[in-house]
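J.: Note that numbering that gives the first Met the number 0 gives residue 87 to position 88 of the sequence shown, counting from 1, and the numbers run on in steps of one.
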Amino acid sequence: MPLLGGPADKIGNRYELWWTVYQFVRIINGEVENIRIEDPTIDKAEFVITAGGYREFHQTKRSHLRSQWSLYELGSPKHQLLQTMFKQLSTSTNTRFVFVSGSEARELEELTKRAADAKDLKEFESEFVSAKSQKQNFNRLKGVWNTDTNTAYE
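Here's what the structure looks like:
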């Protein structure tokens with residue numbers, strides 16, 4: 000369980016720092032064209048990277064008290080990470096949102112993987128989110144994003 004208050008904040012900042020250093024290593028290796036740290040026009044992104052024709056918005060969170068992030072928590076009024084993610088992903092097809100944490104975000108990761116593995120929306124709905132829990136998670140994501148099925152799938 001993470002520490003609360005000042006020590007936790009310092010450790011969290013250190014976690015963010017290490018992720019940022021890793022991105023600078025990617026620049027040195029030629030994997031990343033540029034990085035903009037704390038862009039004042041972008042919410043919920045520590046930095047924005049341009050890499051391989053994509054704009055990547057990176058958000059780091061050290062860890063969660065219960066060792067995993069649920070869709071509910073990521074979309075909660077306290078974090079509003081899913082809302083920001085949708086806003087950024089809606090700007091262009093060449094956009095990625097990277098959520099980095101010491102704790103898993105299994106529900107989000109599972110939906111992302113299933114959408115990527117499906118050949119189209121029809122297969123995604125019939126084969127990849129046919130289980131009740133997956134369907135509930137997809138509906139929760141659509142609700143937080145306030146969007147239709149096709150847009151959420153894309």
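Where is the CB? At the ideal position from N, CA and C, for every residue including glycine. As the structure is a computational prediction, the values presented were derived from the model and not from experiment.
Would you report the Cα separation of K60 and L110, rounded to the nearest angstrom?
T.: Distance between the alpha carbons of K60 and L110: 20 angstroms.
J.: Does the segment 110-123 come close enough to the segment 80-90 to have 3 or more Cβ pairs within less than 8 angstroms?
T.: Short answer: they don't touch.
J.: So what does DSSP say about R95, is it helix, strand or coil?
T.: The answer is strand: DSSP assigns R95 an E or B state.
J.: Let's test the definition: count the other Cβ atoms within 10 Å of the Cβ of Q135 and tell me whether it reaches 16, buried, or not, exposed.
T.: Exposed, by the Cβ-count rule.
J.: Let me make sure I understand the geometry here. Which of E45, R13, F46, E72 has the alpha-carbon closest to that of E106?
T.: Checking every option, the nearest Cα to that of E106 belongs to E72.
J.: I'd like the span of the alpha helix (DSSP H) that includes A114, first residue to last.
T.: Start and end: 105-116.
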